[in-house]
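Report on the following structure.
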Amino acid sequence: MSSPAKKRKLNNAIKNEKTQSKGLEYFFSKQKQNGEGASGRPETSLAELDNAPLTDEELARKLQAEWDLEAAQMDSQPATDTTPSTKSDPEQIGELVTVEKSRVEVPEQPATTTILGGKKTLALQSAGMDEDNITTSIPLDEPPLTFVPSEYIGPLKEHWSKDGGNASYALLTRCFVLVSGTASRIKIVDTLVNCLRLLIEGDPESLLPTVWLATNSISPAYISLELGLGGSAISKALKQVCGLDNRSLKTLYDKYGDAGDVAFEAKKKQSFTLRKPKPLSIKGVYQSLVKIAATQGQGSNEVKQRIVDRLLQDARGGEESRFIVRTLCQHLRIGAVKTTMLIALSRAFLLSKPANAEFEPRNIPTLAKLKKEELAEIWAKAEETVKACFAKRPNYNDLIPALLEIGVCEELLIRCGLTLHIPLRPMLGSITRDLSEMLTKLQGRDFTCEYKYDGQRAQVHCDGNGKVSIFSRHLELMTDKYPDLVELVPKIRGDGVSSFIMEGEVVAVDSSTGELKNFQTLTNRARKDVEIGSITIQVCLFSFDLMYLNGQSLLNRSFRERRELLRSLFTEVPNKFTWVKSLDATSAESETVLDFFKSATESKCEGIMVKILDNLPDVTYTGGDGEEGNEDSNKLAAPKAKSKGKATKKADGAESEEPAKKRSRRKALLATYEPDKRLDSWLKVKKDYSASFDTLDLIPVAGWHGQGRKAKWWSPILLAVRNEESGSLEAVCKCISGFTDVFYKANRAFYDDGSETGEPNNTRQQMPSFIEYSGPMPDVWFEPQEVWEMAFADITLSPTYTAAIGLVSDERGLSLRFPRFLKKRDDKSIEEASTNEFLASLWRKQEASADAGGGNKPAEEDDEGY
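Take the sequence shown: its position 33, counting from 1, is numbered 451 in this note's numbering, and each next residue is one higher.
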C-alpha cells in the first residue's frame, strides 16, 4: 500500500498531466465565449469532464453546465418563445441526482432558478424539506362552526392552479399531521370535517380520492384491488431518492420502527436535486395507487417501482414522505377509521355544499346558537343516515357522488339502498356468559335458539338470471372458492322466487352421512380457481336469514316473517342446502333451552345463537349494563355511564328520583335486521364461555426471553386490545399461562428475531408508533397479525397498561388478572380483535356485580351454575 505522500504525488502527477494540454488562454477564451455559469464559476469543458472520474458534486455541476450551455445557445430566440427543448428538460437528461450532505458540505438553500436567454434553468438546490407553506397555515383543527372555508379557498385555488388546478396532497398531509398528533376524538372529527369542507367547496372532484386515502384503502373490500407492494420496493425508492445505502436505511428503521418515520428522516438527509419536484395532488396520488394495483404480468414490478420512486421524488417535505410511505404500506394509522370518516362526512355535508349543488346546508350561525344537546341531536340524525347508507352499500364510490348531489337527506337512503351483488355489512350478535344471563335478558320475549355452526358465515346473492355472488363476513368476494354452491344456489329457488339475498353458514360435511366437520377442515379447502371436479371437501349451506326478495328489502320485517319466507320459498337439498336447526322458546323454558344447547355442543357446534322473533315495542328490555337495546353493545362510554349516576344523586327537588326510575327501563328490542350493528336482539352463547370468566380476543405484540426451561422461547408475551378510533393497539397484559411446549416452539419460529437464523421474521427491534405501552421494554416486538382468545379471572385498574385509559379512569388503564391462553382465532383478523371499549364495558359489568354483593363473580352465576 502506498504512503500518503506517494499518493499525493501520484494524484498531482495525474492532475498535471491532464492540464498540460490546456493553457489558461483556453479557459479565458471559453469564459468570454459563454460567460459565467449560474453558479458564478468559470465553465469547464464538458469534454474534459467526460474523460475525468467525477464525484457526485462534479456530476451535478456537469449537468448544470450542459443546461446553461444550451440556454445560452438559445439567446437569439425571442423571450416569448415557449418551444420546448427536449434536451433542456431535466427529466430527459437525468432522473435525479442526489448528493449526501455528509459527503458534500454545501449550505442548504431553497430552490432557485436562473434566467438565461429567457429560459428558466434550475440551479443546484436542496429540496429535501421544502414544504407547502400556504396549506400549513390553515387552522384545520378549529371547531367546524367557527371555521370559514371561504376565507382559504381563494388562496388555495390560486395556489393549486399553478400545478394543474387539483387539490394538493399537502392539504391532506396537513390534515393527517393534525389528526395523528391528537388523542382527542373531538379534535380528530373536527379536523376531518374542516378538511372535507374545503374540498367540498373548493375541489369536489378530489373529495372521493381523499376519503379513500384517509381510510387507508383504494377500493371496497368486495373488489379485489391490492397494491401488491413488498417492503423492498419502498426500501429501493428510499435509497434511490434520498441517497441512502443499506446500512443507513437499516439504522433508521431500527431506530424508529415505522416505515413512515424512516421516510421522514430519510427525506431530511436528501440534499440536492437537479429535478424540481412536481407537487403531488390528491387525485394524482390516488390514481398512482390504483395504477400500482392494476399493474400485473411480466415487468409489473419495474412499473410499480417507477411509480413508487416518482411518488417519493415528488413528495415535498418530510411529512408528505411519511404519509406517502405509510399509505404504500397500507398502515396509515391516523384514527380515521370507517366510523370516524362517516361521522365527518355527515357533518361536513350539513355545513357545506359544492357550488353547483341544489341542496342547502344548515345555517351555521343558527347552529352555533343551539344548546349542546340540541346540536348533538342534529349531528346524530345525520350520522345515523350516512352510517345506514354505508352499511347497506359499503362503497364510497356510491356514497360520495350521492352526497355531493343531494347532501344528507332521506333520499340518500334510497340512493344507497340494498343492491344485488353488493354486500351489506352483516348484523352481529352480543356475547353472553351463559344461558342464565341470556334468559335474564330476554324475559317476557319469544325467541328462537339456533345451532351456531363451526363454519364460515356467507352472504349469498342471486339475481333473476341466476348469477350468484358469495361474500364473507368481511365482505370479501369468495364466489370462486365455492363453485359447487354457485351451481347449486339457482336450483334452490322455489316458485315465484327470482332474486334474493340470504345469509347462512358454510360448513364442511360428509356428503354421504351429513356429519358435520370442524372449521379447520374447511380451511383446508382451496381458496381460488377451484374446479368442481377437484373438490374433495364437501360443504353444506345452512341458511338462517333472508334480507332481500324479488327486488324488495326485508330488513324492516321481523325475524319471524323473514324466517317464514326463507323456509317456505326455498327448496331443501339434503347435505347441500338446508336451514339451521332451531328451537322456539321463552325464558320460562330454561330446561328445554338447556337440552337444546347440549345437543348443539354434542353436534360439533360452537354453541347457540338466540334471536328475538317479533317486534314488541311495548315490552321493555331489562338486560344490558346501562345502554339502550338498539345501541351497539361494544360502544359503551364511561362518561355516559357515570353521568347518569351523578345526575341521579345531584338532581334536586321532584326530579331527584326520575333518573333512577329510567335506569331500569330500556328501549324495546326489535326483531329487524340491522346491518353493521351488534345488538342484544341477537345473543350468542358458546360452549367455551363460562360464568366464572369472560374471554377476550387479544393481539400478541411483543415478548421477552424466557427463563430456565423456556430460555429459548418467548415468555411472557405482551398482548393488546384495539383502539377502534385511533387505530392504535393498547397493551393490556402479559401472559405465561395456557401455552404448551409445542406452541412455544412454533411461536418462536413464527416470531423470529434472527438471533439464531440471521433472518428476522415477523419481528422488529423498536416499539412501533401505533402501540401504546409504558412498562418495561420487551426483548422483541412482534408484527401484529394474529388474534388469540384469552381467559382471565377479572379486570383491574393498572398504572402500567394503557388499555382503555380515559374510558374508566383518566390516569390508569385496565389490565387482566391471571390471563390464560385458550386458542388462536384463525377465523379472525386483527381488525376483529376486542376493543378497548369492549374491555371497559366488561370492567363496568364486573364493578356493578361487585356493588350488588357478588364479589367479582357475575350476579347471575348463582341462578343456574353453568
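Glycine residues also receive a C-beta, built at the ideal position from the N, C-alpha and C atoms.
These numbers were taken from a predicted model, which means no experiment stands behind them.
About 6 Å separates the Cβ atoms of Asp676 and Pro1186, confirming a contact at the 8 Å cut-off.
Leaving aside the five residues that flank Phe1157 on each side, the residues in its chain whose CB is nearer than 6 Å to its CB run, in chain order, Phe1239. Inter-segment contact for the region 867–875 and the region 1112–1129 is absent: fewer than three beta-carbon pairs are separated by less than 8 Å.
Spanning the alpha carbons of His879 and Ile824 requires a straight line of approximately 29 Å.
In the three-state reduction of the DSSP assignment, Pro622 falls in the helix class. Per DSSP, the unbroken alpha helix (DSSP H) holding Val659 starts and ends at 649–660.
A contact between stretches requires three or more CB pairs, one per stretch, nearer than 8 Å, and the region 896–905 fails this requirement with the region 844–851. The region 817–835 makes no contact with the region 580–597: fewer than 3 CB pairs, one atom from each, lie closer than 8 Å. By the neighbour-count definition (other C-beta atoms within 10 Å, threshold 16), Asp608 is a buried residue. Between the region 772–786 and the region 650–665, the count of C-beta pairs closer than 8 Å stays below three; the two stretches do not touch.
Pairing Leu610 with Asn815 gives a Cβ-Cβ distance that is not under 8 Å.
Three or more Cβ pairs closer than 8 Å define a contact, and the region 1210–1220 meets that threshold against the region 1187–1200. In terms of Cβ geometry, Ala1258 and Ile1189 do not form a close pair [threshold 8 Å]. Judged by DSSP in its simplified three-state form, Lys1029 adopts strand. His1123 has Trp1132 as its beta-bridge partners, per DSSP. The shortest CA-to-CA distance from Thr1214 to any of Val1198, Ser1233, Glu1201 is the one to Ser1233.
DSSP places Lys686 within a helical segment (H, G or I) once states are collapsed to three.
Within the DSSP secondary-structure output, Leu1097 pairs in a beta bridge with Gly847.
Around the beta carbon of Lys1263, 16 or more other beta carbons sit within 10 angstroms, so the residue counts as buried. In the structure shown, the three-state DSSP call for Ser666 is helix. Only residues of its own chain outside the window of five on either side were considered, and among them Tyr587, Ala588, Thr591, Leu698 have a CB closer than 7 Å to the CB of Glu738, listed in chain order. Under DSSP, Pro1118 shares a beta bridge with Leu1137. In summary, Val927 is buried, with 16 or more beta-carbon neighbours lying within 10 Å of its beta-carbon over all protein chains present.
Assignment of beta-bridge partners to Glu894 by DSSP yields no partner.
Sorting Arg863, Pro844, Ile742, Pro908 by C-alpha distance to the C-alpha of Val991 places Pro908 at the top. Excluding five sequence positions before and after Phe741, the CB atoms of its chain that fall closer than 6 Å to its own CB belong to Thr591, Phe594, given in chain order. For the 8 Å CB-CB criterion, Val708 and Leu631 do not form a contact.
The secondary-structure analysis by DSSP pairs Asp963 across a beta bridge with Glu921. Each residue's CA atom was taken as its position, placing Phe808 and Cys834 some 7 Å apart. Contact annotation: Asn942 and Lys1022 have beta-carbon atoms that are not nearer than 8 Å.
In the pairwise beta carbon analysis, the region 858–867 is classified as touching the region 1023–1033: at least three pairs are separated by under 8 Å. Taking C-beta atoms under 8 Å as the contact rule, Lys722 and Ile710 qualify, at a distance of about 5 Å.
With contacts defined by Cβ atoms closer than 8 Å, Val743 and Gly678 form a contacting pair.
C-alpha of Val804 to C-alpha of Ser764: approximately 6 Å in a straight line. Here the alpha carbon of Ser1099 sits roughly 13 Å from the alpha carbon of Pro1093. Of the residues Asn551, Glu619, Leu729, the one whose Cα lies closest to the Cα of Ala775 is Glu619.
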